[in-house]
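First to last, the sequence lines map onto chains Y and U.
Per my numbering, residue 2 is the first one in the first sequence, and the count goes up by one each step.
Per my numbering, residue 300 is the first one in the second sequence, and the count goes up by one each step.
Here a beta-carbon is modelled for each residue, glycine too, at the ideal position from N, C-alpha and C.
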Amino acid sequence: MNSPRMPHDDRLPAGGRRPAAVPRSWCSDWCAGWNDFWFTPADPLPLDLIRIATGLLLTWSCVVWLLDADAFFGDRGWLRPDQVWRMNDQPWQWSWYFAAHSPTMIRVLGGIALVAAVLLTIGLATPLAAIVSLLGLVSAANRAPLNVFGLDDTLGMLLIPLVIGPAGSRLSVDRLISGAEQGRAGGRSVRANVALRLLQVHLCVVYFFSGTGKLFGASWWEGTALWGAIANDRYRTLDLRGLAGHPLVVNALTLATLWWEVSYPALVWPRLTRRLCLAMAVAVHLGIGLAMGMMEFGLAMLAANLAFVPADTFRTLLRFLPRRWSVSDTLPGTSPDLS
Amino acid sequence: MQIHESNEPGWSAPARWSALARGVATLAILVYLAAVVVPPLAGPPPASELANRLLQPLRPLVGAIYLGHGYRFFAPNPGPGHSLRWTMTMADGSTRGGSIPDEDADRPRLLYHRRFMVSEKIATLVPFADAPADIRDRAKRDWQPLVKGVATNLLRREGGTSVTLEVVEHYLPDPGEVLASTTTTDTVTPLGSYAWASEEGR
Numbered sequence: 002m003n004s005p006r007m008p009h010d011d012r013l014p015a016g017g018r019r020p021a022a023v024p025r026s027w028c029s030d031w032c033a034g035w036n037d038f039w040f041t042p043a044d045p046l047p048l049d050l051i052r053i054a055t056g057l058l059l060t061w062s063c064v065v066w067l068l069d070a071d072a073f074f075g076d077r078g079w080l081r082p083d084q085v086w087r088m089n090d091q092p093w094q095w096s097w098y099f100a101a102h103s104p105t106m107i108r109v110l111g112g113i114a115l116v117a118a119v120l121l122t123i124g125l126a127t128p129l130a131a132i133v134s135l136l137g138l139v140s141a142a143n144r145a146p147l148n149v150f151g152l153d154d155t156l157g158m159l160l161i162p163l164v165i166g167p168a169g170s171r172l173s174v175d176r177l178i179s180g181a182e183q184g185r186a187g188g189r190s191v192r193a194n195v196a197l198r199l200l201q202v203h204l205c206v207v208y209f210f211s212g213t214g215k216l217f218g219a220s221w222w223e224g225t226a227l228w229g230a231i232a233n234d235r236y237r238t239l240d241l242r243g244l245a246g247h248p249l250v251v252n253a254l255t256l257a258t259l260w261w262e263v264s265y266p267a268l269v270w271p272r273l274t275r276r277l278c279l280a281m282a283v284a285v286h287l288g289i290g291l292a293m294g295m296m297e298f299g300l301a302m303l304a305a306n307l308a309f310v311p312a313d314t315f316r317t318l319l320r321f322l323p324r325r326w327s328v329s330d331t332l333p334g335t336s337p338d339l340s
Numbered sequence: 300m301q302i303h304e305s306n307e308p309g310w311s312a313p314a315r316w317s318a319l320a321r322g323v324a325t326l327a328i329l330v331y332l333a334a335v336v337v338p339p340l341a342g343p344p345p346a347s348e349l350a351n352r353l354l355q356p357l358r359p360l361v362g363a364i365y366l367g368h369g370y371r372f373f374a375p376n377p378g379p380g381h382s383l384r385w386t387m388t389m390a391d392g393s394t395r396g397g398s399i400p401d402e403d404a405d406r407p408r409l410l411y412h413r414r415f416m417v418s419e420k421i422a423t424l425v426p427f428a429d430a431p432a433d434i435r436d437r438a439k440r441d442w443q444p445l446v447k448g449v450a451t452n453l454l455r456r457e458g459g460t461s462v463t464l465e466v467v468e469h470y471l472p473d474p475g476e477v478l479a480s481t482t483t484t485d486t487v488t489p490l491g492s493y494a495w496a497s498e499e500g501r
């Protein structure tokens with residue numbers, strides 16, 4: 002294989018001699034680093050897997066909204082339309098449900114969001130499905146601010162990169178229809194890189210504020226915060242109160258959670274510590290899902306963490322798929338700076 | 300960063316963006332990142348005046364794509380859970396009661412959580428019954444319109460004539476109390492009684 006020269010590539014050229022060094026300013030280094038980070042073409046495979054995971058969770062969320070649609074979005078629901086401003090930033094937090102005043106209209110709009118989520122999952126008309134899915138999520142969350150929680154925040158974080166990037170280029174019906182042999186559709190692209198980078202940075206912001214917010218709390222420093230979650234019977238789906246007799250275990254779990262979250266924005270980037278960070282993410286988010294009954298939230302956060310998994314890893318895991326799914330007809334080592 | 304070329308026939312190098320495209324994209328990325336970072340800096344309290352001023356021009360974007368989050372999950376400390384207890388009078392004079400959320404009836408679990416958030420969010424606005432009167436009066440202006448919505452929804456769903464609501468803060472036992480199997484008491488704060496307004500009908 003040949004290797005094209007990249008900015009800041011420290012490898013020697015084929016002849017073994019470096020060209021005369023060109024002095025570069027600090028600003029030039031910044032620009033080159035910025036360009037490398039955001040605008041190097043990347044393999045879209047991680048984005049496609051994130052699309053499938055997000056689509057499944059969003060589909061489920063849409064179904065649950067529809068189970069009690071009148072209560073969530075109706076004029077005589079949990080929150081009257083003229084009171085929504087008390088819970089969010091009107092008029093900016095728009096919603097298509099503000100225009101719906103009949104049960105039929107509410108169900109039609111909820112149905113549109115559901116269909117878009119299904120299409121996003123299977124990757125059919127993916128760009129349009131991603132946009133409508135985002136509109137549906139924003140509409141639901143902005144109309145029913147009394148009923149939203151971390152799951153909705155996370156789905157929003159996931160959907161925006163799916164709108165920006167080529168999320169239907171692999172593992173999708175779109176790909177099957179267009180055919181794997183159609184040019185470079187599904188190959189590396191700058192849009193894929195921008196989308197994955199946005200998700201990576203956003204996820205680091207989430208963990209940073211979640212972690213530093215905990216530093217205000219005495220129970221996190223004392224190592225007892227997890228007991229607060231264990232003893233809260235409103236959340237409990239797995240009874241771990243047996244840990245009452247093992248305070249050091251509770252201390253260790255609390256402190257591990259705190260320091261993982263605080264350090265995630267720094268430690269997830271170096272290859273040496275990334276696997277540790279991601280393994281801890283699996284443990285924490287599945288733990289929250291199983292013990293506190295918030296499995297959808299846990300899985301959504303794990304879907305976001307997929308942005309840090311190299312495409313090569315996915316390709317290895319998915320090597321059993323037939324070639325028409327176009328997992329293996331791409332180039333190795335092309336995740337954004339995650340080789 | 301290592302990029303490997305392919306020797307596969309028909310493959311060509313991916314297109315890179317022009318300087319102009321990168322410049323435009325850079326501006327868009329910076330605005331987006333500001334919309335991601337500034338809202339959690341600006342709230343929940345404590346937050347700086349600077350962060351709040353920076354947020355003002357970003358509000359249309361932050362609101363439009365649902366980015367206005369604080370991301371303070373279980374921070375600063377995991378607190379007790381809350382529920383709304385209701386007692387309803389029906390048209391025939393009988394009464395029935397329930398709780399929001401209802402662990403037995405609210406299935407699937409995601410539906411339970413969406414209803415649980417109602418009680419959690421209203422509870423943050425309601426001071427304890429023994430708080431000073433002026434604090435309770437001021438807080439009531441914030442929580443009562445929301446509680447009216449909850450009452451309306453319950454009356455619509457159950458077909459009753461009036462409903463009485465109270466917020467229950469479920470006591471969070473410490474490990475010693477769990478080991479000793481100590482019985483604990485929840486804190487109950489009344490939220491008032493509500494009936495259909497005459498102009499609303501049923």
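Of the residues assessed, M281(Y) falls on the buried side of the cut-off, its CB having 16 or more other CB atoms within 10 angstroms.
Following the DSSP letters along the chain, one finds E468(U) in no alpha helix (DSSP H) but inside the beta strand (DSSP E) bounded by residues S461 to E468. Burial check for G459(U): the Cβ neighbour count within 10 Å reaches 16 or more, so the residue is buried.
Per DSSP, T213(Y) lies in no beta strand (DSSP E); the unbroken alpha helix (DSSP H) holding it starts and ends at V191 to K215.
At a cut-off of 8 Å between C-beta atoms, N376(U) counts as an interface residue with respect to chain Y. Residue-level contact by beta carbon holds for P42(Y) and chain U, with a gap shorter than 8 Å. Residue burial is scored here from C-beta neighbours: P24(Y) has fewer than 16 other C-beta atoms within 10 angstroms and is therefore classed as exposed. When rounded, the separation of the alpha-carbon atoms in R437(U) and L147(Y) is 21 Å.
The criterion of a C-beta distance shorter than 8 Å is not satisfied by V174(Y) and R413(U). Residue environment: T423(U) is assigned as exposed (fewer than 16 neighbouring CB atoms within 10 Å of its CB, all protein chains considered). Less than 8 Å divides the Cβ of G224(Y) from the Cβ of V251(Y). Non-local C-beta neighbours of L360(U) in its own chain, meaning closer than 6 Å and more than five positions away in sequence, comprise A334, ordered along the chain. For R237(Y), there is no enclosing beta strand (DSSP E), as DSSP marks it with neither H nor E. Under the Cβ distance rule, Q94(Y) counts among the residues neighbouring chain U, one pair being separated by less than 8 Å. Ranked by Cα distance from A430(U), the first of A314(U), L366(U), A327(U) and T488(U) is T488(U). In the displayed model, H381(U) falls within a strand according to three-state DSSP. Around the beta carbon of A219(Y), fewer than 16 other beta carbons lie within 10 angstroms, which makes this residue exposed.
Secondary-structure assignment with DSSP links S492(U) through a beta bridge to T463(U). As for any alpha helix (DSSP H) of minimum length 4 sitting wholly inside the region 267 to 335 of chain Y, the runs are 272 to 293, 296 to 306 and 312 to 318, ordered along the chain.
Taking C-beta atoms as the reference points, P167(Y) and A193(Y) count as a pair closer than 8 Å. The beta carbon of T481(U) does not come within 8 Å of any beta carbon belonging to chain Y, so the residue lies off that interface. Interface annotation for the region 432 to 461 of chain U against chain Y: D441, P444, L445, K447, G448, V449, T451, N452, L454, R455 and R456, criterion Cβ-Cβ distance under 9 Å. At a cut-off of 8 Å between beta-carbon atoms, R321(U) makes contact with chain Y. When the beta-carbon positions are compared, S96(Y) and S140(Y) come within less than 8 Å of each other. Each residue's CA atom was taken as its position, placing G294(Y) and S398(U) some 18 Å apart. Chain Y has no Cβ within less than 8 Å of the Cβ of M387(U). Residue environment analysis places T394(U) among the exposed positions, since fewer than 16 neighbouring C-beta atoms fall within 10 angstroms of its C-beta.
Annotation for T122(Y): the continuous alpha helix (DSSP H) segment containing it runs P104 to I123.
Using a C-beta cut-off of 8 Å, the region 120 to 128 of chain Y makes contact with the region 50 to 57 of chain Y, since at least three inter-stretch Cβ pairs fall below that distance. Between the alpha carbons of F373(U) and L244(Y) lies a distance of about 19 Å.
Across the set Y370(U), M389(U) and T463(U), the C-alpha of Y370(U) shows the shortest separation from the C-alpha of G342(U). Look at S134(Y) here: in three-state DSSP terms it is helix. For T41(Y), the closest C-alpha among the options A70(Y), S190(Y) and G229(Y) is that of S190(Y). In this structure, A70(Y) and G111(Y) form a Cβ contact; the two beta carbons are roughly 5 Å apart against a cut-off of 8 Å. An exposed status is given to V109(Y), since fewer than 16 other beta-carbon atoms sit within 10 Å of its beta-carbon.
With a minimum length of 4 residues, the unbroken runs of alpha helix (DSSP H) contained wholly in the region 393 to 458 of chain U fall at 408 to 422 and 432 to 457.
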